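Trainee: First, the structure itself, so that you have it in front of you.
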Amino acid sequence: MWSSSVKIGAELSIAGITAKQLAKDFGTPSFFIDEADFRARALAWNEALQQSFGPHAGTVYYAAKAFICTEVARWIKDVGIGIDVCTGGELAVALAGGIEPAKIELHGNNKSVAEIEKAIASGVGIIVIDSLYEIQTVATIAARANKVQRVLLRLTPGVEAHTHESIATAHEDVKFGFSIASGAAWDAIAAVNTHSSLELRGFHAHIGSQIFGYESFELSAGRLIGLLARYRDEFKKELPELDLGGGYGIAYLPGDVAVAPAEVMHALSVAVTNNCTLHGLKIPNISIEPGRAIVGPTMFTLYEVGTVKDVTLENGMHRRYISVDGGMSDNIRPSLYGAEYTTILANRISSAAHTSSRLVGKHCETGDIIIREIDLPEDIVPGDLLAVPATGAYGRSMASNYNHVPRPSVVAVKDGKARVIVRRESIEDLLALDI
1 MWSSSVKIGA ELSIAGITAK QLAKDFGTPS FFIDEADFRA RALAWNEALQ
51 QSFGPHAGTV YYAAKAFICT EVARWIKDVG IGIDVCTGGE LAVALAGGIE
101 PAKIELHGNN KSVAEIEKAI ASGVGIIVID SLYEIQTVAT IAARANKVQR
151 VLLRLTPGVE AHTHESIATA HEDVKFGFSI ASGAAWDAIA AVNTHSSLEL
201 RGFHAHIGSQ IFGYESFELS AGRLIGLLAR YRDEFKKELP ELDLGGGYGI
251 AYLPGDVAVA PAEVMHALSV AVTNNCTLHG LKIPNISIEP GRAIVGPTMF
301 TLYEVGTVKD VTLENGMHRR YISVDGGMSD NIRPSLYGAE YTTILANRIS
351 SAAHTSSRLV GKHCETGDII IREIDLPEDI VPGDLLAVPA TGAYGRSMAS
401 NYNHVPRPSV VAVKDGKARV IVRRESIEDL LALDI
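The opening residue of the sequence shown carries number 1 in my numbering; numbering runs sequentially from there.
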């Protein structure tokens with residue numbers, strides 16, 4: 001839930017720097033990312049993949065959509081893993097951060113011609129194809145550039161992931177990929193094989209996000225490998241790659257248990273080995289996409305309390321509304337997905353009794369709620385600092401300027417030092433686009 005260098009004592013600190021000092025130096029709201037913890041998590045996933053699959057280990061792809069900036073891209077380059085991007089903007093940041101194009105995988109269900117042209121010209125390692133129209137488009141652009149582009153087909157294996165419906169992606173009624181059950185996947189295979197400018201390397205599936213347990217991944221692997229066997233039987237050759245996606249769950253609340261890299265990779269290794277043995281296939285190179293599992297827990301958001309209000313409910317009960325200087329503009333997930341978070345008083349210890357509270361933002365929306373129900377000390381007052389953990393995934397990347405609120409800064413902390421890696425927006429930034 002918290003990154004490894006966060007300590008909670010008289011007040012919260014990260015890498016030895018207290019919450020009060022961070023608020024003084026960088027303002028609130030701000031995102032604080034633990035650089036050492038980020039690198040350690042990325043390495044842990046890479047090492048787990050290598051240890052479980054050995055010579056068949058492919059690439060760990062970091063999810064740019066969770067959070068990316070040029071500095072984080074440099075960390076990814078240093079660690080040696082890959083990155084998956086799904087827009088031209090994410091591709092531009094990855095390249096600006098120095099990530100080797102061969103370690104970039106381009107996703108997306110509606111890639112523009114310009115995005116595909118940029119990806120092929122840059123030399124991205126893999127394009128994950130999502131529609132029949134895209135097969136023709138990628139093939140045409142690659143042929144025009146006199147290149148053979150390596151591709152994977154994104155498949156929907158018909159697996160129901162136990163997660164929120166908005167972030168489940170592998171059942172039949174979704175916008176992503178080609179269905180195995182309906183035969184669309186086989187039609188896509190046939191279409192790719194008509195183009196000499198495309199090299200089909202294998203299949204890709206991503207069943208959802210914030211998933212706990214291994215069963216859905218094991219089932220998905222089995223269905224993908226079954227299709228690899230059918231391909232072998234039809235075309236008398238084996239496809240060498242399989243990207244099993246990811247979206248592994250992280251801890252947001254006390255009591256949540258995150259998915260451990262070594263455990264899930266071992267389970268996948270057993271499933272892949274057993275299914276390949278069943279079909280008489282060589283084990284393909286296995287790649288994964290851990291998603292939020294790398295960046296999610298490495299970051300927290302620090303807010304300052306602006307006002308406190310007690311409300312009497314219809315049943316006579318009382319609720320305390322604690323308003324902070326951010327909200328749905330820096331964390332839309334509670335409003336969008338019903339995502340749950342926790343928070344702690346970060347600038348001091350309180351011995352006061354706890355009271356039923358609701359943590360809300362400053363926006364002109366009743367639904368601007370960060371935490372719907374939480375017991376917090378009843379002596380919280382304006383000026384206090386509250387820290388919300390596990391906001392590294394999708395907090396800053398989905399942030400908006402709703403109500404013309406400037407987006408917060410992102411501050412990297414390591415070895416007792418803190419530095420801005422994404423600056424806070426200003427009013428001048430908000431006005432700069434107006435004509």
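For each residue, glycine too, the CB sits at the ideal point set by N, CA and C. The structure displayed is predicted, hence computed values, not measured ones.
Residues in its own chain within less than 6 angstroms of V420 by CB, not counting five upstream and five downstream?
Mentor: Correct list, in chain order: S409 and V411.
Trainee: Who are the Cβ neighbours of G296 in its own chain at under 6 angstroms, not counting the five residues just before and after it?
Mentor: Excluding positions up to five away in sequence, the list reads I250, A390, G392 and A393.
Trainee: Since I believe P290 is in contact with Y248 (beta carbons under 8 angstroms), could you give me their beta-carbon distance rounded to a whole number of angstroms?
Mentor: Right, their Cβ atoms sit about 6 angstroms apart.
Trainee: Could you tell me the distance, in whole angstroms, from the CA atom of L253 to the CA atom of L228?
Mentor: Approximately 39 angstroms between the Cα atoms of the pair.
Trainee: What are the complete alpha helix (DSSP H) segments, minimum 4 residues, inside the stretch 3–87?
Mentor: Here the runs fully enclosed are 19–26, 35–53 and 70–79.
Trainee: Taking 7 angstroms as the CB-CB limit, is G183 close to chain D?
Mentor: Within the model displayed, chain D is absent; a lone protein chain is all it includes.
Trainee: Consult DSSP for E100 and reduce its assignment to one of helix, strand or coil.
Mentor: Coil.
Trainee: Taking C-alpha atoms, which residue in G16, I104 and L132 lies nearest to A121?
Mentor: Of G16, I104 and L132, the residue nearest in Cα terms is I104.
Trainee: Which class does P334 belong to by DSSP, given the choice of helix, strand or coil?
Mentor: Looking at P334 - three-state DSSP - the assignment turns out to be helix.
Trainee: Considering just the uninterrupted stretch of the alpha helix (DSSP H) at H266, what are its terminal residues?
Mentor: Its alpha helix (DSSP H) spans residues P261 to H279.
Trainee: Run through the DSSP bridge pairs and tell me what S287 is partnered with.
Mentor: Paired residues: D243.
Trainee: Measuring straight from C-alpha to C-alpha, what distance separates E304 and L345?
Mentor: If you take the alpha carbons of E304 and L345, they lie about 10 angstroms apart.
Trainee: Assign L433 to one of three DSSP states: helix, strand, or coil.
Mentor: Here L433 sits in coil by DSSP.
Trainee: I'd like the span of the alpha helix (DSSP H) that includes G226, first residue to last.
Mentor: Start and end: E215 to F235.
Trainee: With three or more C-beta pairs closer than 8 angstroms as the rule, is the stretch 236–245 touching the stretch 199–209?
Mentor: These segments touch.
Trainee: Taking DSSP as the reference, what is the three-state secondary structure of A168?
Mentor: For A168, the pLDDT reaches just 41, beneath the cut-off of 50, and the residue's location in the model is therefore unreliable, leaving the point undetermined.
Trainee: State the Cα-Cα distance for the pair R154 and V308, rounded to the nearest angstrom.
Mentor: Each residue's alpha carbon lies about 49 angstroms from the other.
Trainee: Determine, using beta carbons only, whether A142 and Q149 come nearer to each other than 7 angstroms.
Mentor: Their beta carbons are under 7 angstroms apart, which means A142 touches Q149 by this criterion.
Trainee: When you compare each of G58, V85 and H56 to A66 by their alpha carbons, which one comes out closest?
Mentor: When only C-alpha atoms are compared, the closest one is V85.
Trainee: Determine the burial state of Q21: buried for a count of at least 16 other Cβ atoms within 10 Å of its Cβ, exposed for fewer.
Mentor: Looking at its Cβ environment, which holds fewer than 16 other Cβ atoms inside 10 Å, Q21 is exposed.
Trainee: Taking 6 angstroms as the cut-off, is the CB of Y231 close to at least one heavy atom of the ligand ZN?
Mentor: In the structure on display, the ligand ZN does not appear, and there are no ligands present to speak of.
Trainee: Does P157 come out as helix, strand or coil in the three-state DSSP assignment?
Mentor: Correct three-state label for P157: coil.
Trainee: Using CA coordinates, which residue listed in S287, S220, K362 and S397 is at the minimum distance from M299?
Mentor: Considering only alpha carbons, the answer is S397.
Trainee: If D440 and G158 are in contact, beta carbons under 8 angstroms, what's the gap, nearest whole angstrom?
Mentor: This structure leaves residue 440 out entirely; the chain is present only between 1 and 435.
Trainee: K118 lies in the alpha helix (DSSP H); which residues open and close that run?
Mentor: It spans V113 to S122 - the alpha helix (DSSP H) in which K118 sits, taken as one unbroken run.
Trainee: Considering only DSSP beta bridges, list what K414 is partnered with.
Mentor: DSSP lists K417 as partners of K414.
Trainee: Does the beta-carbon distance from R407 to E425 come in below 7 angstroms?
Mentor: Yes.
Trainee: Give the single residue among F212, L268, Y133 and S197 whose Cα lies nearest to the Cα of A184.
Mentor: For the residues F212, L268, Y133 and S197, the minimum Cα distance to A184 belongs to Y133.
Trainee: Measuring straight from C-alpha to C-alpha, what distance separates M317 and F38?
Mentor: Their Cα atoms are separated by approximately 43 angstroms.
Trainee: When the Cα atoms are used, what is the spatial distance from G123 to A102?
Mentor: If you take the alpha carbons of G123 and A102, they lie about 6 angstroms apart.
Trainee: Applying the 10 Å Cβ sphere with the 16-neighbour rule, what's the burial state of S112?
Mentor: By the neighbour-count rule (16 or more Cβ atoms within 10 Å), S112 is not buried but exposed.
Trainee: What does a CB cutoff of less than 8 angstroms around V6 pick up in its chain, not counting 5 residues either side in sequence?
Mentor: L12, S13, I14, D34, F300 and P389.
Trainee: Using a threshold of 7 angstroms, state whether the C-beta atoms of I68 and A418 are closer than that.
Mentor: Going by C-beta atoms, I68 is not nearer than 7 angstroms to A418.
Trainee: Check D187 in the structure and name its three-state DSSP category.
Mentor: Note: D187 maps to helix in three-state DSSP.
Trainee: If I measure Cβ to Cβ from A40 and keep anything under 6 angstroms in the same chain, skipping five residues before and after, which residues do I get?
Mentor: Excluding positions up to five away in sequence, the list is empty.
Trainee: CB S323 to CB V360, shorter than 7 angstroms?
Mentor: Contact: yes.
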